[in-house]
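Chemist:
Protein chains in written order, with my numbering: chain A, 1 to 299; chain B, 1001 to 1299.
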């Protein structure tokens, strides 16, 4: 890796990922629960790996405002379910037609297209059940959380970004369009992950507004870094095809700004994300370091 | 029609459908809201018609327990969104591959497959936002309602039924399997529609349990009647292909029991549904009549 993680962040991320994985394992219907096919398909895509960056951000945001991460764990898992559903549908033959994801065959390659559509639907549906039925999230917060997550995932959030992404393929697009795609397709859910944690942690209005700014910015840098990695990364590290954006003529930051300018924007935005945490002290250290890590990761 | 509707039920259904249509019209993002494609696709499938039987049942159940239907209108619309999303995904080429629905080209025929997948996703997502953000549903009821609807729509509800339906195609299936498919694919959401209305209406425990039994039974008769209509109906009335179940070797009541026995079961179950409304008086008259209508409809 070109960025040497401070050992404690590495340890922090690993521990948090483990908490999320363990909780996901318990939340999901067991393999063998009928109908077996759908539950195998749901588990397959969810447990195939992934950095769990969104749920880790939820927990970190909860702690940044002095909250107990345990209360935010279910909501963190719900966000990861939505992320996973979006990948399954995004990989479908009628969408990006990807055969590999995280180094493994995609859902429709393993279970067939129909089951992949349904597994995505089921993960999306279950995410709202998790939030609504959670025993740790205070009941009074649940309607606002369901609302927030649904908006971030909906037709004017993540799905909106996917639609414009799809419509932009093969076309020469403006910087404004690429920004719209990234802000919606990627940043909306990342931002919602952070806002969710902050709300459950009992954020004050000013804290919430700082964290929202952090979320939007870090969500954008996540996708810019992804665009750059699609050009400079290796298949082994990314676990998926390289150069697909160029091949599919996707709207990306490098396609609009070139790779050097994209790197500069990534750096600028990362600084901006860190700056938006100004009002916080040591309790937001993980969020600061994650912002830097997102920009400098190599996978 | 082989069943002459009492004029007041006909009027009742029409008025209720209008209330639902008007509210749906207001809830959905306007045409032109960016990204325009997704909102056109969402509106297209939702406003193409349909009897609105599920939302009408929500309102009727609310009133059967003495509640104000206005409080249940948003939740009724949310249920209709879930129904519509399930039809869009069910019609996809990788699923039932249907070109027509309610006499009009299906979503993927009009907007393409990718947009149809996303429009379904967006309707499903939006349904939870509607419940969570509703100004008429008491906040304290929202978590239980989101939970109930998500469970009914999820991998052990509607989606579970679709999975087994798909797996059973072309196979000789048992009566138990057909019952599983119908109970999950169709009855779960219909039953949830009724339970939702009853909960918002402030149903007592005993009332709720009667209405749950009514919901499960009426949900089943709805699908049995559908199976029979697929054989005896006309394309003009149904607005979709006839004999598709047989052509696709679908698991249906007639395929297991033959058509005469299916008709007898339909009649029995309809009586059972009406009987489960025993504890109620005149306030449940629409529910009683709707049960009969469901069994005797010709479209």
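Using N, Cα and C, we set each Cβ at its ideal position, and we do this for glycine too. Owing to the predicted nature of the structure, the values given are computational and were not obtained by experimental measurement.
Return the CA-CA distance between residue 1298 of chain B and residue 110 of chain A, expressed in angstroms with no decimal places.
Modeler: As a working mapping, residue 1298 of chain B is identified with position 298 in the second chain. As a working mapping, residue 110 of chain A is identified with position 110 in the first chain. Approximately 41 Å, taken between the alpha carbons.
Chemist: When DSSP labels each residue in this structure, what does residue 105 of chain A get in the three-state scheme?
Modeler: Taking the first residue of the first chain as 1, we reach residue 105 of chain A at position 105. In the structure shown, residue 105 of chain A sits in a strand (DSSP, three-state: E or B).
Chemist: Taking the Cβ atom as the reference point for each residue, do residue 1038 of chain B and residue 1078 of chain B lie within a distance shorter than 8 Å?
Modeler: Within the second chain, residue 1038 of chain B is the residue found at index 38, counting from 1. Within the second chain, residue 1078 of chain B is the residue found at index 78, counting from 1. Contact flag unset, no.
Chemist: Do the CB positions of residue 1190 of chain B and residue 1082 of chain B come within less than 8 Å of each other?
Modeler: As a position in the second chain, residue 1190 of chain B is number 190, starting the count at 1. As a position in the second chain, residue 1082 of chain B is number 82, starting the count at 1. No. Outside cutoff.
Chemist: Beta-carbon within less than 8 Å of residue 1285 of chain B's beta-carbon, same chain only, minus the 5 sequence neighbours each way: which residues are those?
Modeler: For this step, residue 1285 of chain B is matched to residue 285 along the second chain. Nothing meets the Cβ criterion.
Chemist: Hey, how far is the Cα of residue 1210 of chain B from the Cα of residue 1264 of chain B?
Modeler: Counting from one through the second chain, the residue named residue 1210 of chain B turns up at place 210. Counting from one through the second chain, the residue named residue 1264 of chain B turns up at place 264. If I take the Cα positions, the gap works out to 23 Å.
Chemist: What residues from chain A crowd round residue 1250 of chain B, counting only those whose CB sits closer than 8 Å?
Modeler: As a first step, residue 1250 of chain B is located in the second chain; it is residue number 250 there, counting from the start. Within chain A, no residue comes near residue 1250 of chain B; the closest Cβ sits about 14 Å away, beyond 8 Å.
Chemist: Relative to the C-alpha of residue 1226 of chain B, which residue among B/1197, B/1201, B/1186 and B/1198 is closest?
Modeler: Position 226 of the second chain holds residue 1226 of chain B. Checking every option, the nearest Cα to that of residue 1226 of chain B belongs to B/1186.
Chemist: When Cβ atoms are compared, which residues of the segment 1104-1125 of chain B fall closer than 9 Å to chain A?
Modeler: For the segment 1104-1125 of chain B, which is checked against every Cβ of chain A, the residues closer than 9 Å are 1108, 1112, 1113, 1114, 1115, 1116, 1117, 1118, 1119, 1120, 1121, 1122, 1123, 1124 and 1125.
Chemist: What does residue 162 of chain A touch in chain B if you count any residue whose Cβ is under 7 Å from its own?
Modeler: What you label residue 162 of chain A is simply residue 162 of the first chain in a count that begins at 1. Simply 1118.
Chemist: Does the beta carbon of residue 1095 of chain B come closer than 8 Å to any beta carbon on chain A?
Modeler: Position 95 of the second chain, counting from 1, holds the residue named residue 1095 of chain B. Yes - at least one Cβ of chain A is within 8 Å of the one on residue 1095 of chain B.
Chemist: Using the beta-carbon of each residue, which ones in chain B are nearer than 7 Å to residue 128 of chain A?
Modeler: Looking up residue 128 of chain A in the first chain gives position 128. Under the 7 Å cutoff, chain B gives 1128, 1146 and 1150.
Chemist: Rounded to whole angstroms, what is the Cα-Cα separation between residue 1213 of chain B and residue 1161 of chain B?
Modeler: As a working note, residue 1213 of chain B is residue 213 in the second chain. As a working note, residue 1161 of chain B is residue 161 in the second chain. Distance between the alpha carbons of residue 1213 of chain B and residue 1161 of chain B: 19 Å.
Chemist: Show which residues of chain B have a CB atom less than 8 Å away from the CB atom of residue 199 of chain A.
Modeler: The sequence position of residue 199 of chain A within the first chain is 199, counting from 1. Near residue 199 of chain A there are no residues of chain B at all, since even the closest Cβ is about 13 Å away, more than 8 Å.
Chemist: Ignore the nearest five residues each way along the sequence and tell me which others in residue 46 of chain A's own chain have a CB closer than 8 Å to its CB.
Modeler: Translated into the one-based positions of the first chain, residue 46 of chain A becomes position 46. Hits under 8 Å: 24, 28, 80, 81, 84 and 123.
Chemist: Do we get a CB-CB distance below 8 Å when we pair residue 1155 of chain B with the residues of chain A?
Modeler: For the purposes of this step, residue 1155 of chain B is identified with residue 155 of the second chain, where counting begins at 1. Yes, because at least one Cβ of chain A sits closer than 8 Å to the Cβ of residue 1155 of chain B.
Chemist: Would you say residue 1003 of chain B faces chain A, with C-beta separation under 8 Å as the test?
Modeler: Numbered from its first residue, the second chain carries residue 1003 of chain B at position 3. Reliability fails at residue 1003 of chain B, whose pLDDT of 42 lies under 50, so the model's placement of it is uncertain and no value is given.
Chemist: The alpha helix (DSSP H) spanning residue 225 of chain A covers which residue range?
Modeler: In the first chain, residue 225 of chain A corresponds to position 225, counting from 1. Segment 205-232, the alpha helix (DSSP H) holding residue 225 of chain A.
Chemist: From what residue to what residue does the alpha helix (DSSP H) around residue 128 of chain A run?
Modeler: Within the first chain, the letter at position 128 stands for residue 128 of chain A. Counting along the chain, the alpha helix (DSSP H) containing residue 128 of chain A begins and ends at 113-133.
Chemist: Residues of chain A with CB closer than 8 Å to the CB of residue 1038 of chain B, please, in chain order.
Modeler: Along the second chain, read from residue 1 onward, the residue named residue 1038 of chain B stands at position 38. Ordered by position in chain A, the residues that pass the 8 Å Cβ test against residue 1038 of chain B are 155, 159, 160 and 163.
Chemist: State buried or exposed for residue 1099 of chain B, treating a residue as buried only when at least 16 other CB atoms are found within 10 Å of its CB.
Modeler: Taking the first residue of the second chain as position 1, residue 1099 of chain B is located at position 99. Exposed.
Chemist: Between B/1206, B/1143 and B/1136, which has its C-alpha nearest residue 133 of chain A's C-alpha?
Modeler: To locate residue 133 of chain A, count along the first chain from 1; it is residue 133. The option with the nearest alpha carbon to residue 133 of chain A is B/1143.
Chemist: I need the boundaries of the alpha helix (DSSP H) containing residue 1150 of chain B, first residue and last residue.
Modeler: Counting from 1 along the second chain, the entry for residue 1150 of chain B is found at position 150. Unbroken alpha helix (DSSP H) run through residue 1150 of chain B: 1142-1153.
Chemist: Checking 8 Å against the spacing of the C-beta atoms, do residue 1230 of chain B and residue 1219 of chain B come in under that value?
Modeler: Counted from its first residue, the second chain places residue 1230 of chain B at position 230. Counted from its first residue, the second chain places residue 1219 of chain B at position 219. Contact: no.
Chemist: Under 7 Å Cβ-Cβ, which residues of chain A neighbour residue 1142 of chain B?
Modeler: For the purposes of this step, residue 1142 of chain B is taken as residue 142 along the second chain, with counting starting at 1. The answer, in chain order, is 142 and 143.
Chemist: Distance, Cα to Cα, residue 1068 of chain B vs residue 1052 of chain B?
Modeler: Taking the first residue of the second chain as position 1, residue 1068 of chain B is located at position 68. Taking the first residue of the second chain as position 1, residue 1052 of chain B is located at position 52. Cα-Cα distance, rounded: 19 Å.
Chemist: Rounded to whole angstroms, how far is the Cβ of residue 57 of chain A from the Cβ of residue 193 of chain A, which I believe are closer than 8 Å?
Modeler: Translated into positions along the first chain, residue 57 of chain A becomes position 57. Translated into positions along the first chain, residue 193 of chain A becomes position 193. Confirmed, Cβ separation roughly 5 Å.
Chemist: Report the rounded CA-to-CA distance for residue 1114 of chain B versus residue 54 of chain A, giving the unit in angstroms.
Modeler: What you label residue 1114 of chain B is simply residue 114 of the second chain in a count that begins at 1. What you label residue 54 of chain A is simply residue 54 of the first chain in a count that begins at 1. Each residue's alpha carbon lies about 25 Å from the other.
Chemist: I'd like to know whether the C-beta atoms of residue 281 of chain A and residue 60 of chain A end up nearer to each other than 8 Å.
Modeler: Sequence index remark: in the first chain, residue 281 of chain A carries index 281 (1-based). Sequence index remark: in the first chain, residue 60 of chain A carries index 60 (1-based). No.
Chemist: In chain B, which residues lie less than 7 Å from residue 133 of chain A when you measure between Cβ atoms?
Modeler: Stepping through the first chain from its first residue, residue 133 of chain A is reached at position 133. Going along chain B in sequence order, the residues near residue 133 of chain A (Cβ under 7 Å) are 1147.
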